[in-house]
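Chemist:
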DNA sequence: TCTATTATGGATAAAAGATATCCACTATCT
DNA sequence: AGATAGTGGATATCTTTTATCCATAATAGA
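Protein chains in written order, with this note's numbering: chain A, 1 to 160; chain B, 161 to 320.
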């Protein structure tokens, strides 16, 4: 019952791309240096975000990654889903049947238990669906005007 | 973002103890055989449930484990907490500071993000607090009368 | 069209956490 | 005192996550 650290990495990536000057892709090397992970590993994370539909990749010279949609239309849950998938948090391994036998009441119990946890998970997801990247950024910087910059032009030493 | 399989094991254990004749402890060997795990491993799980306050251990001859409270006063969340702990599902590893520098806005962002996820987790926990072991059992067996038995007297072959 | 640049994908290694077991020890009941 | 049952430490195994390298594919620009 932990989110993987990939979620924090993804959050940083999305924040960078959300504050990136429009139409200028950020290269994965720039991001990997800033996050302190290897270029090749970072690309795996980027790929998950591409597959998840949060960002787009631009190959070739002056390529890199850009947001696939506006920060206003990216709920936080999408970020979690992209990195972790959205499988049920609980799925029976068949233990109940092993312990109590392959009988109706056991089967019903398994389904009921899975259902209870699923509903809790849905409540969790609903909360993270209500918060968008834009709202999160605006509340963090205390203004509705999100400044953009070109991260490709900023060295690792300069901060902010 | 997965519950460990220990939760399913714990659920089976609590169901057994909830249908156990009052004041007759069930030995861990009986439970371990039924769940198909080694006696020593099962005892680790039992211990977590003891520490979590769900069950009580009775050492010595004719000892074993009994529920520490009625099924009506055990919410499902207690079971999850006992096995998994109840740490925040998301905690920053310090990556944000590394990426964006040790500045106020970064610090604020980390706190805000942790907060968002914490609230989602609370929604999850609230759902699992509303369902008790008793309610779960009653809805599973379709009656309010929960039959008790002595699991120590039932071989692994007999089912239910 | 050629070349430099950038992302993609497969193979694989290292680290961490979950799962599992053994055994020596302690506590209790009869 | 002796048998029974839980406790706790050490440790092994498995799975997942984290991470890296390198060969390949795709694109932009000269």
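Note that beta-carbon positions come from the ideal geometry of N, C-alpha and C, so glycine has one too.
Just to make sure I have the definition right: I need the residues of chain A whose C-beta is within less than 9 angstroms of the C-beta of residue 305/B. Which are they?
Modeler: Going along chain A, no residue has its Cβ under 9 angstroms from residue 305/B, so there is no contact; the nearest lies around 14 angstroms.
Chemist: Mind reading off the beta-carbon distance from residue 74/A to residue 132/A? Whole number of angstroms is fine, and I expect it under 8 angstroms.
Modeler: 6 angstroms
Chemist: My understanding is that residue 19/A touches residue 149/A, with C-beta atoms under 8 angstroms, so please give their C-beta distance in whole angstroms.
Modeler: That belief holds up - the Cβ atoms of residue 19/A and residue 149/A are roughly 6 angstroms apart, short of 8 angstroms.
Chemist: DSSP on residue 250/B, reduced to helix/strand/coil?
Modeler: Note: residue 250/B maps to coil in three-state DSSP.
Chemist: Could you give the C-beta distance for residue 64/A and residue 28/A, rounded to a whole number, given that I count them as a contact under 8 angstroms?
Modeler: 7 angstroms
Chemist: Could you give the distance in angstroms between the alpha-carbon of residue 113/A and the alpha-carbon of residue 280/B?
Modeler: 20 angstroms
Chemist: List the residues of chain B whose Cβ lies closer than 8 angstroms to the Cβ of residue 70/A, in chain order.
Modeler: Contact of residue 70/A with chain B by beta-carbon distance below 8 angstroms is absent, the smallest such distance being about 19 angstroms.
Chemist: Helix, strand or coil for residue 226/B per DSSP?
Modeler: strand
Chemist: May I have a chain-ordered list of the alpha helix (DSSP H) segments no shorter than 4 residues that lie completely inside the segment 230-307 of chain B?
Modeler: 236-244, 255-260, 264-289, 293-301
Chemist: Just checking: is the beta-carbon of residue 26/A within a distance shorter than 8 angstroms of some beta-carbon in chain B?
Modeler: So, not an interface residue.
Chemist: Using a Cβ-Cβ distance under 8 angstroms, would residue 67/A count as near chain B?
Modeler: no
Chemist: What does residue 108/A reach in chain B if we use C-beta pairs closer than 7 angstroms?
Modeler: 300
Chemist: Tell me residue 55/A's beta-bridge partners as DSSP assigns them.
Modeler: 67/A
Chemist: May I ask you to list the residues that DSSP assigns as paired with residue 20/A?
Modeler: 149/A
Chemist: If I'm right that residue 79/A touches residue 22/A with Cβ under 8 angstroms, what's the distance once you round it to whole angstroms?
Modeler: Not a contact, Cβ separation roughly 20 angstroms.
Chemist: Please list, in chain order, the chain B residues whose beta carbon lies closer than 7 angstroms to that of residue 36/A.
Modeler: Counting only Cβ-Cβ distances below 7 angstroms, residue 36/A has contacts in chain B at 258, in chain order.
Chemist: Looking at residue 33/A: is its Cβ nearer than 8 angstroms to the Cβ of residue 255/B?
Modeler: no
Chemist: Name the two residues that bound the continuous alpha helix (DSSP H) containing residue 30/A.
Modeler: 28-35
Chemist: What in chain A is Cβ-close to residue 276/B, meaning under 8 angstroms?
Modeler: 76, 127, 128, 131, 136
Chemist: Consult DSSP for residue 25/A and reduce its assignment to one of helix, strand or coil.
Modeler: coil
Chemist: Return no unless some Cβ of chain A is closer than 8 angstroms to the Cβ of residue 255/B.
Modeler: yes
Chemist: How is residue 154/A classed by DSSP in three states: helix, strand or coil?
Modeler: coil
Chemist: Could you check if residue 205/B is buried or exposed, using at least 16 other CB atoms within 10 Å of its CB as the buried criterion?
Modeler: buried
Chemist: Let me know the secondary structure DSSP gives residue 61/A once reduced to three states.
Modeler: coil
Chemist: Quick check: what's the CA-CA separation for residue 142/A versus residue 271/B?
Modeler: 14 angstroms
Chemist: Below 8 angstroms between beta carbons: does that hold for residue 190/A and residue 128/A?
Modeler: The requested residue 190/A is not part of the displayed model; chain A covers only 1 to 160.
Chemist: The segment 161-180 of chain B: which residues have C-beta closer than 7 angstroms to a C-beta of chain A, in chain order?
Modeler: 161, 162, 163, 165, 167, 168, 169, 171, 172
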